[in-house]
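Undergrad: Sequential numbering of the sequence shown, starting at 0, is according to numbering that gives the first Met the number 0.
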Amino acid sequence: MKIILLGAPGAGKGTQAALIKDRYGIPHISTGDIFRANIREGTPLGIKVKSIIDSGNLVPDGLTVEIVKDRLSKPDCDGGYILDGFPRTLAQAEALDGFTDIDVVIDVAVPAETVVKRISGRRMCKCGETYHISTYKDACCAKCSQPLYQRDDDKEDVVKERLRVYESQTKPIADHYAAKGKLSVVEGTGSVETIFADIARILDDHR
Ligand code: AMP
0 MKIILLGAPG AGKGTQAALI KDRYGIPHIS TGDIFRANIR EGTPLGIKVK SIIDSGNLVP
60 DGLTVEIVKD RLSKPDCDGG YILDGFPRTL AQAEALDGFT DIDVVIDVAV PAETVVKRIS
120 GRRMCKCGET YHISTYKDAC CAKCSQPLYQ RDDDKEDVVK ERLRVYESQT KPIADHYAAK
180 GKLSVVEGTG SVETIFADIA RILDDHR
């Protein structure tokens, strides 16, 4: 199953993608995670994209599409995958149509006020775990004990820019997939478990 998770920054795409990965045994491909890993490792790609990401803007389409195309050509993607954070522009969606056939697109719908609250309280661990300060008070990761940190682009002024970019560039992609009959919308404001149950129902229908 080839799945796209759409939704604003902070809609919970990463959390849901991890659950989908566990249940259906397909890789979770997050372009944001790929860029952040490159920034951490100081690769030429990381050096190129750091200032763009820190400003809340999008990495150029050509570069992003090449990275995704290369990743999807790896053998672990043969049985399907979950795309999280890609496509983010209509040009990326059209490029993706040219090299793969997506089965289902799930839009995780969350109001803007909720998104801002979620992002501003989000804390990350290098191991990939994500926490929220409202439910987790420790300074270190429960799984691996490394110190938690806030993403630079989760700070308030950058979040505003990311939401503006989302509204203008990413939201219109939903129509692209709706026109192909591939779009399902789930309400993203409930508990993680409720949202996942809704997603699993949609995915099970596609199996
Ligand atoms: P995310 O972790 O998905 O919120 O992505 C973090 C940042 O990485 C975004 O704000 C963009 O700067 C960049 N990014 C991630 N995915 C893409 C994409 N598909 N196209 C362009 N930039 C992206």
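Ideal Cβ placement from N, Cα and C applies to all residues, glycine included.
Helix or strand or just coil, what does DSSP make of Ala17?
TA: helix
Undergrad: Based on the DSSP output, what are the partners of Thr129 in its beta bridges?
TA: Thr129 is bridged to Met123.
Undergrad: Helix, strand or coil for Val157? Go by DSSP, reduced to three states.
TA: helix
Undergrad: Taking the alpha carbon of Met123 as the reference point, which residue from Lys142, Glu112 and Asp106 has its own alpha carbon closest?
TA: Lys142
Undergrad: So, under 8 Å CB-CB, Ile66 and Lys1 are touching, yes? Tell me the CB distance rounded to an integer number of Å.
TA: Their Cβ separation, rounded to whole angstroms, is 17 Å, which puts Ile66 and Lys1 out of contact at 8 Å.
Undergrad: Taking its Cβ as the centre, do 16 or more other Cβ atoms sit within 10 Å of Asp152, making it buried, or is it exposed?
TA: buried
Undergrad: Give the single residue among Thr193, Leu71 and Ala108 whose Cα lies nearest to the Cα of Ser183.
TA: Ala108
Undergrad: Using only the heavy atoms of ligand 1, determine whether one of them is closer than 6 Å to the beta carbon of Ile3.
TA: Distances from the CB of Ile3 to the heavy atoms of ligand 1 are all 6 Å or more.
Undergrad: Return the first residue and the last residue of the alpha helix (DSSP H) that Lys47 is part of.
TA: Pro43 to Ser54
Undergrad: Taking Ala178 as the reference, which of Ile25, Val103 and Asp203 has the closest Cα?
TA: Val103
Undergrad: Answer yes or no: the CB of Arg70 versus the heavy atoms of ligand 1, is any distance below 6 Å?
TA: no
Undergrad: Check whether the Cβ of Ile46 sits closer than 6 Å to any heavy atom of ligand 1, and report yes or no.
TA: no
Undergrad: What is the residue span of the beta strand (DSSP E) that Lys1 lies within?
TA: Lys1 to Leu5
Undergrad: Looking at ligand 1, does it come within less than 6 Å of Leu57, judged from the CB to the closest heavy atom?
TA: yes
Undergrad: With C-beta atoms as the reference, is Ile19 less than 7 Å away from Ile118?
TA: no
Undergrad: Would you mind sorting Thr134 into buried or exposed? The rule is 16 or more other CB atoms within 10 Å of its CB.
TA: Taking a 10 Å sphere around the C-beta of Thr134, we find fewer than 16 other C-beta atoms and assign the residue as exposed.
Undergrad: If you measure between the beta carbons of Asp207 and Ser167, is that distance less than 7 Å?
TA: Lying before the first or after the last residue shown, residue 207 is absent from the chain, which here runs from 0 to 206.
Undergrad: From Ser144, Asp137, Pro171 and Ala111, pick the residue whose C-alpha is nearest to that of Thr162; which is it?
TA: For the sequence presented, residue 162 should be read as Leu rather than Thr. Comparing Cα-Cα distances from Leu162 to each of Ser144, Asp137, Pro171 and Ala111, the minimum goes to Ala111.
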